[in-house]
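Q: Residue numbers (full-length UniProt numbering): 1 to 378. Ideal placement from N, C-alpha and C gives every residue a C-beta, glycine not left out. I have a structure here, written as structure tokens, and I will follow up with some questions on it.
Below is the structure:
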């Protein structure tokens, strides 16, 4: 059995089985890029004027005769004489042989003769953004797995990428397990309950843009194995609720081993959610199996699965909580709270009381602190 901190560190090393898809550039903001963006030419592709002013061949000339004008978007021109110049606008191609660009604020121009009136000495190469200075042709401009922001969109557009390959969210299938579970539209017998965990997990995943489907598994190793094999043909991640404890019908660990999965960990020193299991397979498929009680499922899903699949292991805020129980000597506890107070409840099957919780606090084993890490639930 491992600690919650150890479980988190192990999860950080499991690769999220992202899919990839090609999308129009304008629809990729906020996604991770699945290809590298490479410069199709030098950036900038020419010696570029950084200021409005004049381009000169010789900065030592006493004055410069203006031979013409050069705007952004025009083909490159040439300065004819050593004491000649071209008026130039920001973004224009610097004429061949340009020694410097002198900004308009440092010039006095009368009758097409420019005189320098600036305070500092002129320098060769000033205000010329040299060809290839930002990136030479063939260089990587955006690395794979970079989150796409406005700048990355602009870079992709600059190299002519109308469509780019991006990571799309993995497909998830959620299983409820156990002969005691019936569907939402069924009337349960006295010894049965309606399925709630699947709907809880599915609704969260759908709200976060995942493709999530669900179904139920009876307490039959043969049927569990057949259903898992079938679902993995079109899904990347399986979530299971129930069947991972130590009972005679807790079949999930052995069935996963038979299906080729290797256990990353099984059992965390925590309450609720102690029997949680995570397993991976060589083809990149991942299984998270949660204990069946609804609050155990919720806690494991919220604390471990969501941060892992989103790649967002944020630092917890610390909150002072009233009426904390005596800490366990061996188990970390995830405690429901409401408005800064411990929420009274009847255990991890008590959905009614837990519905009032606005968050969880993490009380580590033996920790008597009143200020604890806090995870919002709403």
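(1) May I ask you to verify whether the region 105-123 touches the region 58-66, counting CB pairs closer than 8 Å and requiring at least 3?
(2) Whose CA, out of 48, 101 and 105, lies closest to the CA of residue 76?
(3) I'd like to check one pair, residue 321 with residue 303: are the Cβ atoms closer than 9 Å?
(4) Closest to residue 4 by C-alpha separation, out of 282, 364 and 378, would be which residue?
(5) For the beta strand (DSSP E) containing residue 334, name the first residue and the last one.
(6) Which residues mark the beginning and the end of the beta strand (DSSP E) in which residue 141 is found?
(7) Under DSSP, the beta strand (DSSP E) around residue 20 begins and ends at which residues?
(8) Just reading off the alpha helix (DSSP H) that residue 167 is part of, what are its end residues?
(9) At which residues does the beta strand (DSSP E) containing residue 76 begin and terminate?
(10) Rounded to whole angstroms, what is the Cα-Cα separation between residue 400 and residue 257?
(11) Span of the beta strand (DSSP E) holding residue 67?
(12) Is there contact between the region 239-250 and the region 284-294, where contact requires at least three CB pairs shorter than 8 Å?
(13) Using only CA atoms, which one of 70, 269, 265 and 220 lies nearest to residue 277?
(14) From residue 345 to residue 351, what distance separates their C-alpha atoms?
(15) Going by C-alpha to C-alpha distance, which of 228, 339 and 72 sits closest to residue 281?
(16) Excluding five sequence neighbours on each side, which residues of the same chain lie with their C-beta closer than 6 Å to the C-beta of residue 23?
(17) Kindly list the residues whose CB is nearer than 6 Å to the CB of residue 102, restricted to its own chain and excluding five residues on each side of it in sequence; keep chain order.
(18) How many Å lie between residue 355 and residue 215 at the Cα?
(19) Using the Cα positions of residue 11 and residue 309, report the straight-line distance between them to the nearest angstrom.
(20) So, using beta-carbon positions, are residue 2 and residue 196 closer together than 9 Å?
(21) Whether or not the region 174-183 and the region 143-161 are in contact is what I'm after, with contact meaning three or more pairs of Cβ atoms, one per stretch, closer than 8 Å; do they touch?
(22) With residue 314 as the anchor, note down where its beta strand (DSSP E) starts and where it stops.
(23) Apart from the five residues just before and just after residue 29, which ones in its own chain have a Cβ nearer than 8 Å to its Cβ?
(24) According to DSSP, simplified to helix, strand and coil, what is residue 204?
(25) Among all the DSSP beta bridges, which residues are the ones paired with residue 345?
(26) Note the first and the last residue of the continuous beta strand (DSSP E) segment covering residue 362.
(27) DSSP three-state label for residue 288, please.
(28) On a CA-only basis, which of 145, 220 and 60 is nearest residue 180? Give me that one, please.
(29) Just how far apart, CA to CA, sit residue 348 and residue 27?
(30) Short of 8 Å in beta carbon distance, which residues of its chain neighbour residue 124, apart from the five on each side in sequence? Order them along the chain.
(31) Once you ignore the five residues that flank residue 366 on each side, which residues in its own chain have a CB closer than 7 Å to its CB?
(32) Under 6 Å Cβ to Cβ from residue 213, same chain only, skipping five residues before and after it: list those, please.
A: In this structure, then:
(1) yes
(2) For the purposes of this step, residue 76 is taken as residue 76 along the chain shown, with counting starting at 1. Taking only the C-alpha atoms, the option nearest residue 76 is 48.
(3) Your numbering for residue 303 matches position 303 in the chain shown. Your numbering for residue 321 matches position 321 in the chain shown. No, Cβ-Cβ distance for residue 303 and residue 321 is not below 9 Å.
(4) Here residue 4 refers to the residue found at position 4 of the chain shown. For residue 4, the nearest C-alpha among the options comes from 364.
(5) If you number the chain shown from 1, residue 334 lands on position 334. It spans 332-338 - the beta strand (DSSP E) in which residue 334 sits, taken as one unbroken run.
(6) The residue given as residue 141 occupies position 141 in the chain shown. 140-142 is the extent of the beta strand (DSSP E) around residue 141.
(7) Locating residue 20 in the chain shown gives position 20, where the first residue counts as 1. Where residue 20 is concerned, the enclosing beta strand (DSSP E) stretches over 19-24.
(8) If you number the chain shown from 1, residue 167 lands on position 167. That residue, residue 167, is in no alpha helix (DSSP H); its beta strand (DSSP E) goes 163-168.
(9) Translated into the one-based positions of the chain shown, residue 76 becomes position 76. It is not in any beta strand (DSSP E) - residue 76 carries neither H nor E in the DSSP assignment.
(10) Residue 400 lies beyond the residue range present for the chain, which begins at 1 and ends at 378; the question has no answer from this structure.
(11) What you label residue 67 is simply residue 67 of the chain shown in a count that begins at 1. It spans 63-70 - the beta strand (DSSP E) in which residue 67 sits, taken as one unbroken run.
(12) yes
(13) Walking along the chain shown from the start, residue 277 turns up at place 277. Nearest C-alpha to residue 277: 265.
(14) Counting from one through the chain shown, the residue named residue 345 turns up at place 345. Counting from one through the chain shown, the residue named residue 351 turns up at place 351. Residue 345 and residue 351: Cα-Cα distance of roughly 9 Å.
(15) Mapped onto the chain shown, residue 281 falls at position 281. Of the candidates 228, 339 and 72, the one whose C-alpha sits nearest the C-alpha of residue 281 is 228.
(16) Residue mapping note: residue 23 aligns to position 23 of the chain shown, counting from 1. Excluding sequence neighbours, residue 23 sits near 166.
(17) Against the chain shown, residue 102 aligns to sequence position 102. 53 and 54, listed in sequence order.
(18) Counting from 1 along the chain shown, the entry for residue 355 is found at position 355. Counting from 1 along the chain shown, the entry for residue 215 is found at position 215. Cα-Cα distance, rounded: 25 Å.
(19) Counted from its first residue, the chain shown places residue 11 at position 11. Counted from its first residue, the chain shown places residue 309 at position 309. If I take the Cα positions, the gap works out to 10 Å.
(20) As a position in the chain shown, residue 2 is number 2, starting the count at 1. As a position in the chain shown, residue 196 is number 196, starting the count at 1. For residue 2 and residue 196, no; Cβs fall outside 9 Å.
(21) no
(22) Your numbering for residue 314 matches position 314 in the chain shown. Segment: none, residue 314 is in no beta strand (DSSP E) and carries neither H nor E.
(23) Here residue 29 corresponds to residue number 29 of the chain shown, with the count starting at 1. Within the same chain, residue 29 has close Cβ partners 148, 149, 150 and 153.
(24) Translated into the one-based positions of the chain shown, residue 204 becomes position 204. Correct three-state label for residue 204: helix.
(25) Residue 345 sits at position 345 when you count from the first residue of the chain shown. Bridge partners of residue 345: none, in fact.
(26) On the chain shown, position 362 is the one that residue 362 refers to. Where residue 362 is concerned, the enclosing beta strand (DSSP E) stretches over 359-363.
(27) As a first step, residue 288 must be located in the chain shown, where it is residue number 288. In this structure, residue 288 counts as strand in the three-state DSSP scheme.
(28) Position 180 of the chain shown holds residue 180. Closest by alpha carbon: 220.
(29) Counting from 1 along the chain shown, the entry for residue 348 is found at position 348. Counting from 1 along the chain shown, the entry for residue 27 is found at position 27. Their Cα atoms are separated by approximately 42 Å.
(30) Walking along the chain shown from the start, residue 124 turns up at place 124. Closer than 8 Å at Cβ, skipping near neighbours: 59, 99 and 100.
(31) Translated into positions along the chain shown, residue 366 becomes position 366. Contacts found: 327 and 329.
(32) In the chain shown, counting from the first residue as 1, residue 213 sits at position 213. Closer than 6 Å at the Cβ level, and outside the excluded window around residue 213, lie 173.
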